[in-house]
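S.K.: Residue numbers (the numbering used here): 1326 to 1672.
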Amino acid sequence: MRRLVLCVMCALWAAAAVHTQGAPDVEVSSLLDVYAGYNFNNPPSGANGTNQNVVRAFDQRSGSLSLSLLEVTLKSKPEPVGFTLTLTTGKTADLVHYNPGEDKFKLFQQVFITTSAGNWTVDVGKFVTALGAEVIESSTNDNYSRSLPFVYAIPFYHTGIRASTSLGSGWGLQAMLVNGWDVTEDNNSKKSFHMAVNYANERLSFVQNVISGDEAIAPASGARTVWDTVLFYTLGADKVGLNFDYGEDKSASAKWLGYAVYYRRALPRGRALALRHSYLDDKDGFRTGVVQKLSEFTITYEYHIGSSISRFEVRFDSSNQPFFLNDSGAATKKQQVTVMYSQVFKF
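1) Identify every residue that forms a DSSP beta bridge with Lys1400.
2) How should Thr1414 be labelled, buried or exposed, when 16 other C-beta atoms within 10 angstroms of its C-beta is the threshold for buried?
3) Taking only beta-carbon atoms, is Tyr1604 less than 8 Å away from chain C?
4) Going by DSSP, what residues sit across from Trp1445 in a beta bridge?
5) Looking at C-alpha atoms only, which residue of Phe1557, Glu1573, Ala1455 is the closest neighbour of Ile1486?
6) Nearest to Glu1573 by CA position, among Ile1542, Pro1405, Tyr1558, Lys1608, is which residue?
7) List the endpoints of the continuous beta strand (DSSP E) containing Asp1570.
8) For the candidate residues Asp1384, Lys1429, Thr1559, whose alpha-carbon lies nearest to that of Thr1417?
9) Out of Gly1566, Glu1404, Val1639, Glu1621, state which residue places its alpha-carbon closest to the alpha-carbon of Glu1627.
10) Which of the three DSSP states, helix, strand or coil, is assigned to Ala1577?
11) How is Lys1416 classed by DSSP in three states: helix, strand or coil?
12) Should Leu1410 and Gln1377 be called a contact, given that it needs their Cβ atoms to be closer than 8 Å?
13) What first and last residue would you give for the alpha helix (DSSP H) that runs through Phe1475?
14) Roughly how many angstroms separate the alpha carbons of Phe1452 and His1483, rounded to a whole number?
15) Since Arg1589 sits in a beta bridge, which residues does DSSP pair it with?
16) Please report how far the alpha carbon of Val1551 lies from the alpha carbon of Ala1597, in whole angstroms.
17) For Val1379, which of helix, strand or coil comes out of DSSP?
18) With Tyr1524 as the anchor, note down where its beta strand (DSSP E) starts and where it stops.
19) Evaluate Thr1439 with the Cβ neighbour count: other Cβ atoms within 10 Å of its Cβ, from every protein chain shown; 16 or more gives buried, anything less gives exposed.
20) Taking only three categories from DSSP, how would you classify Val1421?
21) In chain order, what residues of the same chain lie with their CB nearer than 7 Å to the CB of Tyr1363, ignoring the 5 residues before and after it?
22) Going straight from the alpha carbon of Ala1591 to that of Ser1576, what length do you get?
23) Pick helix, strand or coil for Phe1637, following the three-state DSSP scheme.
24) Tyr1558 and Leu1529 - do their beta-carbons sit closer together than 8 Å?
25) I need the straight-line Cα distance from Gly1457 to Ser1472, nearest angstrom please.
26) Compute the Euclidean distance between the alpha carbons of Lys1676 and Gly1595, then round it to the nearest angstrom.
27) I'd like the span of the beta strand (DSSP E) that includes Ile1536, first residue to last.
28) Using three-state DSSP, classify Phe1484 as helix, strand or coil.
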């Protein structure tokens, strides 16, 4: 509750400062994300929001109404220097900042300055990752829950420097040098390097990412590398997509592979139907703690009322190992079925 009040106070102070200084180039936006759902395995609720829905990024609770995310973003254009500040609170902010010592930074999902140098745009600070087909804010995705590659194959955010440029004819290039995966203060003296090539036209979007760097804590060493491919194609009311990830961590002699396929059909009167299937092969147990193959299938019905987004979702998760919780809280189940209702208010 204290963090919620602090987030609101910071947002009000920033908005008032922007208004007082008469800065029309500063955009202010916010969202509130809440959900309620039920897990048919009926796992018990635990203290401090214990994860009931295993393999979920942020929709981890069953049988209760939950505040997932309250977010306020302020953004200004680089004329010549701009900034982005994203303030967050709620369970999502806790889960994004899961690494030891990151708790003190979770109010600030993003905080970076932006400037231009010729045809390049340069960001310095903390920013969300460019990898993956989905993002932290559910309203930007086609489904409410997140895919298995989003949860296990890629990072959430980075701290460092990022440079982007347009190559013309729809092509773009991005590079960044960062502290690593999901850390504000580096856990070692080594950096990670990211490179992305992207292309977009009115129907097709494509991004090829690669990130590599030593994420191990001494005396261990060895590069962690992920190749991430995102492809979407839209034709009329239909959209299809593919996300593929391949990762390796040499310090742990571990590899993992994941993919997600997407289909979305836009319907009349602000409604939509979205389907997703995703898969993760954690062949060395490095990402999930168990050597296993996970899969999920999700169907989401969406409708808009004004600026709010309502979604009803059914999801089926499975593993080739007992990984999901039973009604006593033990991991004896190989399947998990959940239903979810979510509401996102955008301001």
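All C-beta atoms, glycine included, are put in the ideal place defined by N, C-alpha and C.
M.R.: Reading off the structure:
1) Glu1352, Thr1409
2) buried
3) Going by chain labels, chain C is absent from the structure shown, which holds only one protein chain.
4) Ala1442, Thr1490
5) Ala1455
6) Lys1608
7) 1563 to 1574
8) Asp1384
9) Val1639
10) coil
11) helix
12) no
13) 1473 to 1477
14) 6 Å
15) Lys1564, Ala1599
16) 32 Å
17) coil
18) 1517 to 1525
19) buried
20) helix
21) Ser1387, Gly1388, Thr1663, Val1664
22) 45 Å
23) strand
24) yes
25) 10 Å
26) Outside the displayed range of the chain (1326 to 1672) lies residue 1676, so it cannot be described from this structure.
27) 1529 to 1539
28) A small correction: the amino acid at residue 1484 is Thr; Phe does not occupy that position in the sequence shown. Thr1484: strand per DSSP, three-state reduction.
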